[in-house]
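Undergrad: Numbering (this note's numbering) for the sequence shown: 14 to 435.
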Amino acid sequence: MKNKLFNQYKNNKDVRILTANFASLTFLQVFGYVFPLLTYPYLARVIGSEGFGYIALASSIICYFQTVVDFGFNFTATRDIAKNQQNLVKVSQIFSNVLWCRLFLLLCSFLLFVVMICIIPILRDLWQILLFSFLLIPGHILCPEWFFQAMEKMKYITMLNFVSKTFFTLLIFVFVKEKSDYVYQPLLLSLGYIASGILAMYIILCKWGIKIHQPSWISIKKTLKESFDVFLNQIFPTLYNAFSVLLLGVFCGPVANGLFDAGTKLVDISQQFLKIISRTFFPFLSRKIDKHTLFSKIYMLFTLIVTLGLIFFAPFLIPVFFSEEFSESIKVLRLMAISGVFLTMSNIYGTNYLIIIGRERSLRNLTMYASLLGFVIAIPLIYYGGYMGAVAIIVFVRMLLGVGSYLLAYNCKKNICKKNLL
């Protein structure tokens with residue numbers, strides 16, 4: 014039996030690729046949690062809570078600029094290159110267009126960033142840490158993970174991230190020695206990404222022989238237009254989630270925010286690991302959409318196992334990872350775990366089907382209307398329901414997105430079947 018399974022694995026190229034990519038992304042995710050565990054205790058002792066607060070503020074601001082510069086290319090460019098893996102000319106064209114688009118968006122973002130620092134007093138006082146944090150964005154541009162994902166060579170992503178994080182971790186212990194050194198944390202992190210980005214560009218240009226074409230304004234506009242719907246689909250949920258957290262802090266104070274954050278944290282971590290399945294299959298499904306049913310069964314099976322585990326072990330997990338003071342977060346964790354099922358449905362039928370078949374506009378409309386509804390009901394629900402109201406909003410919106418994505422995908426599949434019969 015073992016020999017039979019081994020032979021099937023050995024002879025099936027797709028299975029080998031999926032297994033290798035899944036393993037690479039799993040290691041990458043583990044590294045992503047291990048390195049902070051090495052640096053955070055040291056940073057907490059040296060820079061204190063105030064330094065951490067400045068770093069968190071800078072990171073939250075830069076996160077929005079990063080989303081703009083990404084502009085949904087992590088999905089559209091990955092899909093398009095995965096479909097043309099063997100066509101070097103086409104791959105070079107797609108890569109060049111995306112690179113120039115991201116550089117254009119970087120320039121626009123930096124100009125807005127400078128204006129914000131000049132006119133907003135609190136940002137002006139933090140200009141140094143904000144500038145160092147902004148350097149992360151060119152680092153991400155130089156290290157295009159989406160390209161390696163599209164070529165289904167995720168081992169390079171793992172290798173480059175390992176180099177970046179090792180470099181960053183070592184330098185933290187060398188340069189951060191006192192409280193005022195908190196500004197070096199984002200600088201060192203950025204330098205780590207830039208270093209791995211230079212190595213990534215060398216691999217892309219030399220190993221694959223990718224040619225960077227001269228930019229044209231027509232190509233830039235066309236590429237931005239093609240990715241605009243996916244960009245909106247990515248940014249709307251971010252906005253209503255941030256809005257809910259902001260309202261919770263305004264109406265109910267920091268304690269409610271703490272209970273809410275503790276209950277959602279473990280679900281967010283579990284979702285990061287589940288998304289490894291989605292990232293592994295996305296380029297594969299871009300080539301072989303007929304395997305979508307198999308993918309949906311695998312993804313949903315793992316999601317149900319994780320969801321039931323979080324619900325069942327919630328009374329144990331919250332006290333262990335936080336404290337008895339967060340006992341009310343148990344019900345938050347259980348409800349948010351259920352929302353993870355709807356999030357998986359959205360990934361299965363939205364990200365990994367509608368985007369792949371080119372129906373991102375339908376997905377954009379669904380996400381936009383569901384998010385706007387979330388905005389509308391946020392004020393009364395959070396005002397009267399506190400942190401449980403915030404949970405209710407997220408569960409409800411994720412349910413709309415999950416069920417809506419399924420219905421849209423079902424109709425698309427039905428229409429495709431009808432066309433095939435004709």
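Every residue gets a Cβ at the ideal spot worked out from N, C-alpha and C, and that includes glycine.
Model, not experiment: these values are computed from the prediction.
Are the beta-carbon atoms of L245 and R372 separated by less than 8 Å?
TA: No, Cβ-Cβ distance for L245 and R372 is not below 8 Å.
Undergrad: Which parts of the region 150-230 are runs of the alpha helix (DSSP H), unbroken and 4 residues or longer, counting only runs that do not cross its ends?
TA: Complete alpha helix (DSSP H) runs here, min 4: 158-163, 168-188 and 197-215.
Undergrad: Find the nearest neighbour of I142 within the set I74, F86 and M401, judged by alpha-carbon distance.
TA: The candidate whose alpha carbon is nearest that of I142 is I74.
Undergrad: Alpha carbon to alpha carbon, what distance is there between R58 and S105?
TA: Their backbone Cα atoms lie some 47 Å apart in a straight line.
Undergrad: My output table needs one value for K301: the three-state DSSP class, helix, strand or coil.
TA: Correct three-state label for K301: coil.
Undergrad: What three-state label does DSSP hand R372 in the structure shown?
TA: Of the three classes helix, strand and coil, the one that applies to R372 here is coil, per DSSP.
Undergrad: Alpha carbon to alpha carbon, how far is P151 from S122? Give it in angstroms, no decimals.
TA: Each residue's alpha carbon lies about 11 Å from the other.
Undergrad: Which same chain residues, not among the five before or five after Y384, have their C-beta less than 8 Å away from its C-beta?
TA: The identity of residue 384 in the sequence shown is Ser, whereas the question assumes Tyr. Hits under 8 Å: F249, P250, L252, Y253 and V410.
Undergrad: Roughly how many angstroms separate the alpha carbons of S209 and L149, rounded to a whole number?
TA: Using only the alpha carbons, I get a separation of about 12 Å.
Undergrad: P199: buried (16+ other C-beta within 10 angstroms of its C-beta) or exposed?
TA: Buried, since its Cβ has 16 or more Cβ neighbours within 10 Å.
Undergrad: By how many angstroms is the C-alpha of K166 removed from the C-alpha of N34?
TA: Approximately 7 Å between the Cα atoms of the pair.
Undergrad: Return the CA-CA distance between F297 and Y397, expressed in angstroms with no decimal places.
TA: Straight-line Cα distance between these residues: approximately 46 Å.
Undergrad: Residue ranges of each alpha helix (DSSP H) run of no fewer than 4 residues wholly in the region 81-137, ordered along the chain?
TA: Counting only runs of 4 or more, we get 86-96 and 101-132.
Undergrad: Using the C-alpha atoms, what's the distance from L272 back to F286?
TA: Distance between the alpha carbons of F286 and L272: 23 Å.
Undergrad: Helix, strand or coil: which one does DSSP assign to L139?
TA: Here L139 sits in coil by DSSP.
Undergrad: Buried or exposed: where does T32 fall if 16 or more other Cβ atoms within 10 Å of its Cβ makes it buried?
TA: With fewer than 16 other Cβ atoms within 10 Å, it is exposed.
Undergrad: Among T277, I233 and S72, whose alpha-carbon lies nearest the alpha-carbon of M401?
TA: Comparing Cα-Cα distances from M401 to each of T277, I233 and S72, the minimum goes to T277.
Undergrad: Span of the alpha helix (DSSP H) holding S340?
TA: Careful: S340 lies outside any alpha helix (DSSP H) and carries neither H nor E.
Undergrad: For L394, I'd like the list of residues in its chain whose CB is within less than 8 Å of its CB, leaving aside the five on either flank, ordered along the chain.
TA: Closer than 8 Å at Cβ, skipping near neighbours: G402, A403, A405 and I406.
Undergrad: Can at least three beta-carbon pairs, one atom from the region 120-138 and one from the region 163-183, be found at a separation below 8 Å?
TA: Short answer: they don't touch.
Undergrad: Give a yes or no on contact between the region 318-329 and the region 342-359, applying the rule of three or more CB pairs nearer than 8 Å.
TA: Yes: the two stretches touch, three or more of their Cβ pairs being nearer than 8 Å.
Undergrad: Under the three-state reduction of DSSP, which class applies to G266: helix, strand or coil?
TA: The answer is coil: DSSP assigns G266 none of H, G, I, E or B.
Undergrad: Under 6 Å Cβ to Cβ from F294, same chain only, skipping five residues before and after it: list those, please.
TA: For F294, where only same-chain residues beyond five positions count, the Cβ hits under 6 Å are F308.
Undergrad: Given T182, which residues of its chain have a CB within under 7 Å of its CB, disregarding the five upstream and five downstream residues?
TA: Result list for T182: F48, L51 and T52, in chain order.
Undergrad: Quick check: W159 and A90, are their CB atoms within less than 8 Å of each other?
TA: Cβ distance < 8 Å, so W159 and A90 count as in contact.
Undergrad: Between L356 and L279, is the Cβ-Cβ spacing less than 8 Å?
TA: Cβ distance not < 8 Å, so L356 and L279 don't count as in contact.
Undergrad: Just the Cα atoms here: how many angstroms apart are Y22 and H153?
TA: Low confidence applies to Y22: its pLDDT is 49, below 50, so where it sits in the model is not reliable, and the reading given next is rough at best. In a straight line, the C-alpha of Y22 is about 34 Å away from that of H153.
Undergrad: Could you tell me if D93 is buried or exposed, where buried requires 16 or more neighbouring beta carbons within 10 angstroms of its beta carbon?
TA: The residue in question, D93, is buried, as its Cβ has 16 or more Cβ neighbours within 10 Å.
Undergrad: How many whole angstroms separate the CB atoms of V192 and G61, which I take to be in contact at a CB cut-off of 8 Å?
TA: At residue 192 the sequence reads Lys, which differs from the Val that was named. Confirmed, about 6 Å.
Undergrad: How long is the line joining the alpha carbons of K426 and Y419, rounded to whole angstroms?
TA: Their Cα atoms are separated by approximately 10 Å.
Undergrad: Out of I30, N87 and L136, which has the shortest C-alpha to C-alpha gap to I68?
TA: When only C-alpha atoms are compared, the closest one is L136.
Undergrad: Under a three-way DSSP split, which group does N424 fall into?
TA: Of the three classes helix, strand and coil, the one that applies to N424 here is helix, per DSSP.
Undergrad: Straight-line CA distance for M14 to I290?
TA: With a pLDDT of 48 at M14, under the threshold of 50, the predicted position of this residue should be treated as unreliable, though the coordinate-derived value follows. Roughly 26 Å between the two C-alpha positions.
Undergrad: Have a look at Y55 and V187 and give me their C-alpha separation to the nearest angstrom.
TA: Those two C-alpha atoms are separated by around 12 Å.
Undergrad: What did DSSP end up calling F145 once you bin it into helix, strand or coil?
TA: Helix at F145.
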